[in-house]
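2 protein chains.
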Amino acid sequence: MKVDGKHFRSLWWNHDAGVLEIIDQRWLPHDMRIQQVGTMQDFANAIREMRVRGAPLIGATAAYGMALAMAENPSNDNIEKAWAFLEETRPTAINLRWALDRCRLHLQPINESERAQAALTLAHEIADEDVEINRNIGINGLEIIRDLAANKTTDEPVNILTHCNAGWLATVDWGTATSPMFHAHDAGINIHVWVDETRPRNQGALTAWELLSHGVPHTYITDNAGGHLMQHGMVDMVIVGTDRTTRTGDVCNKIGTYLKALAAKDNNVPFYVALPSPTIDWTVSDGITEIPIEQRNVDEITHIQGKTNSGTIESVQVSPDGSPAGNPAFDVTPKHLVTGLITERGVSAASAEGLADMFPEFQ
Amino acid sequence: MKVDGKHFRSLWWNHDAGVLEIIDQRWLPHDMRIQQVGTMQDFANAIREMRVRGAPLIGATAAYGMALAMAENPSNDNIEKAWAFLEETRPTAINLRWALDRCRLHLQPINESERAQAALTLAHEIADEDVEINRNIGINGLEIIRDLAANKTTDEPVNILTHCNAGWLATVDWGTATSPMFHAHDAGINIHVWVDETRPRNQGALTAWELLSHGVPHTYITDNAGGHLMQHGMVDMVIVGTDRTTRTGDVCNKIGTYLKALAAKDNNVPFYVALPSPTIDWTVSDGITEIPIEQRNVDEITHIQGKTNSGTIESVQVSPDGSPAGNPAFDVTPKHLVTGLITERGVSAASAEGLADMFPEFQ
């Protein structure tokens, strides 16, 4: 999407230099730094240090890493070596393994002399596929926003609340939850986005930066504020992303999503989840009992990173020395709180039947 | 309550020096600094700069300020002058005005020669009354915790979730929401407290400090985590404080309280509000439509204060330059989500009937 009027993806191939370039996201939202990823160690650092983050973006980055490996040494051994080297950079990222498996499967039958080019072409394809999926999520979500705008009796904007960063920075472009917003804004629909800061990691600051950079009106709020705003008619819809959706429509997403879904239900605010179909886990039925919730480092709770008066990025401790902290990173929103699932294929009910109808090939 | 085994109130009279002493709360939870409040300017600074905070504590502090004024000059003129001087330190604090009005009314009929002593005696009384109210809230809440403990079939603690700081630091002693917890812990009941950090001002860090200092097991969590914990049976009850409760039982409290009440309802977790009866507003029926919600400075959202690696207290900016922010400071939890109101007189249903039965003199 746009930054100061210029279009960016979160990664892109520099054809002149023959190298991948990324936005080093560690400095956002305060500073946008572009980095060339020119060595295998650069790739490992980019993924491990979360210079790139978000499942689709990690997958695409890894595919470019495999392309570099094939340019350096296209042997069968090196496919395996690069697979292992890249996979261990974030071993719990399912999309990373998925992309690497896909690369390996694609490259193995190809002659060594053609593997470098084939790997690069595949990386481009994986990146473009992500963009296309997200673009279609946006087109499908746009229609919901268009209907809400048409039903407005005042010149008030359509107020959309979102949680976390399911934005273009977490994908190659468009984002998932943000794609309908960017599409609506670009189509001239008057929208305004309430951006949850999303403690503990404050990914809302990235969402705010995306919206600010693209020119979409928005307001940055605490995670605590959404219920109050809904009680007072200040939210027309919620759109969030998801890390994993069950075959029955339960939605696992960033911690705190469930609380927003409860408030939406209590105030008759439609609650939508935007998702690329690969994040549907067809093996899971009950999200609350079956999905294990990652407990992350408690430093994320006790300390907060930001920009000091002097412009440096630093971390400060908020809670007292000696107080234990807990950091469950995700929660599960049960399907009965979800108005609809916005996929690249259309908007599905959050139910086993709805998803089965939309994706019959997985049944 | 206790700090390192020694009992403290949040303010106390130093009989030897003839001066009020307070805990300067600006440095908590990182540093406990004690300060003598020896001049009228000291009193103004203590209240205006939030060295003392919380309605009951501000009221008691102001009463000691009036006592100092009477020691300096017990004239009728000086009662008025001190009233105005102290009142303007935080003009929206209703308890401040209440305490000053009470002092004025009490002192006016008294001979000037006896006013200094009478004012000091009254300040002691106001402080002691607050302690007694909170002690009784604790005794009444203790019985609820005792029942939950008795019904435990394992040796797990009674898990209590709280939001914000309705603790002894916001009162003279015991706190309101924390009083049942301190009473239960002191009675040997095995409890554990989930402490919401309570963005944007992170008053949960003060609650964590209180519990840590008194020796009560607790865990500091994000405001987003509570719903997930309740889904998984990890919360036995919620106790929060309140800034204002309507005569019908709607509860106005720190922003985000409503979201916890929704999650409690959805998971059959009892949700209690601890309140001294003076915070019941007998003039208001519908909390959501009738109570104006203060919009506070957005710097509280965009910036966070904490302790740096070098031990200094600094503020860092989290959101991007240029993103607007919104900061509603309170929300209203409708009565149907409230299991009971723990008052100094007993536990009332959150209803007009329940409150009328408990406080017939206000009907």
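Protein chains in written order, with the working numbering: chain A, 1 to 363; chain B, 1 to 363.
Quick reminder that beta carbons are idealized off the backbone N, C-alpha and C, glycines included.
- At a cut-off of 7 Å between C-beta atoms, B/Leu11 does not count as an interface residue with respect to chain A.
- Rounded to whole angstroms, the gap between the alpha carbons of A/Gln231 and A/Pro74 is 60 Å.
- Linking A/Gln363 to A/Thr245 through their CA atoms gives a straight-line distance of about 15 Å.
- The criterion of a C-beta distance shorter than 7 Å is satisfied by A/Glu344 and A/Ile137.
- A/Asp77 and A/Phe85 have their C-alpha atoms spaced approximately 12 Å apart.
- Within its own chain, the residues whose Cβ lies closer than 7 Å to the Cβ of A/Arg9, once the five positions on either side in sequence are excluded, are Val172 and Asp173, listed in chain order.
- What B/Ser351 touches in chain A, judged by beta-carbon distance under 9 Å, is nothing: the nearest beta carbon there is about 19 Å away.
- Within the stretch 258-269 of chain A, Tyr258, Leu259, Leu262, Ala263 and Asp266 place their CB atoms closer than 7 Å to a CB of chain B, listed in sequence order.
- If you check each beta-carbon in the stretch 8-40 of chain B against every beta-carbon of chain A, the ones closer than 9 Å belong to Leu28, Pro29 and His30.
- Interface annotation, A/Lys307: in contact with chain B, CB-CB separation under 7 Å.
- A distance below 7 Å separates the beta carbons of B/Ile301 and B/Ala325.
- The continuous stretches of beta strand (DSSP E) do not include A/Trp174, and DSSP gives it neither H nor E.
- For the stretch 310-325 of chain B, the set of positions with a beta-carbon nearer than 7 Å to some beta-carbon of chain A reads Glu314, Val316, Gln317, Val318, Ser319, Pro320, Gly322, Ser323, Pro324 and Ala325 in chain order.
- Under the Cβ criterion of 7 Å, A/Thr222 is counted among the residues facing chain B.
- Scanning chain A for C-beta atoms nearer than 8 Å to the C-beta of B/Asn134 yields nothing, as the closest lies near 22 Å away.
- Counting along the chain, the unbroken alpha helix (DSSP H) around A/Arg115 starts and ends at Glu112 to Ala150.
- Residues of the stretch 186-216 of chain B with a Cβ closer than 9 Å to any Cβ of chain A, in chain order: Trp194, Val195, Asp196, Glu197, Thr198, Arg199, Pro200, Asn202, Gly204, Ala205, Leu206, Ala208, Trp209, Leu211, Leu212 and Ser213.
- In the structure shown, B/Thr302 falls within a helical segment according to DSSP collapsed to helix, strand and coil.
- Here the stretch 131-151 of chain A makes contact with the stretch 333-347 of chain A; the two share three or more CB pairs at distances below 8 Å.
- Non-local beta-carbon contacts of A/Cys164 in its own chain, meaning distances under 6 Å to residues more than five positions away in sequence, involve Thr198, Gln203 and Lys254 in chain order.
- Not flagged as an interface residue toward chain B: A/Thr248, since no C-beta distance is shorter than 7 Å.
- Boundaries around B/His192 are those of the beta strand (DSSP E), Ile191 to Asp196, since no alpha helix (DSSP H) includes it.
- The secondary-structure analysis by DSSP pairs B/Ala325 across a beta bridge with A/Tyr220.
- According to the DSSP assignment, A/Gly38 belongs to no alpha helix (DSSP H), since it is labelled neither H nor E.
- Excluding five sequence positions before and after A/Ala69, the CB atoms of its chain that fall closer than 7 Å to its own CB belong to Met40, Asn78 and Ala82, given in chain order.
- If you look at A/Gly340, you'll find it in the beta strand (DSSP E) that goes Gly340 to Ile342.
- Along the stretch 131-159 of chain B, there is no position whose C-beta sits under 7 Å from a C-beta of chain A.
- Using a C-beta cut-off of 8 Å, the stretch 138-155 of chain B makes no contact with the stretch 101-121 of chain B, since fewer than three inter-stretch Cβ pairs fall below that distance.
- The C-beta of B/Ile94 comes no closer than 7 Å to any C-beta of chain A.
- Boundaries of the beta strand (DSSP E) around A/Phe271: Phe271 to Ala274.
- Within chain A, no residue has its beta carbon less than 7 Å from that of B/Asp42; the closest one is some 26 Å off.
- Interface flag for A/His124 against chain B is unset, since no Cβ pair is found closer than 7 Å.
- As the crow flies, the alpha-carbon of B/His185 is around 20 Å from that of B/Val347.
- The continuous stretches of alpha helix (DSSP H) do not include B/Thr246, which lies in the beta strand (DSSP E) extending over residues Arg244 to Thr246.
- For A/Cys164, no beta strand (DSSP E) segment is defined, and its DSSP state is neither H nor E.
- Secondary structure at B/Gln203: coil, using DSSP grouped into helix, strand and coil.
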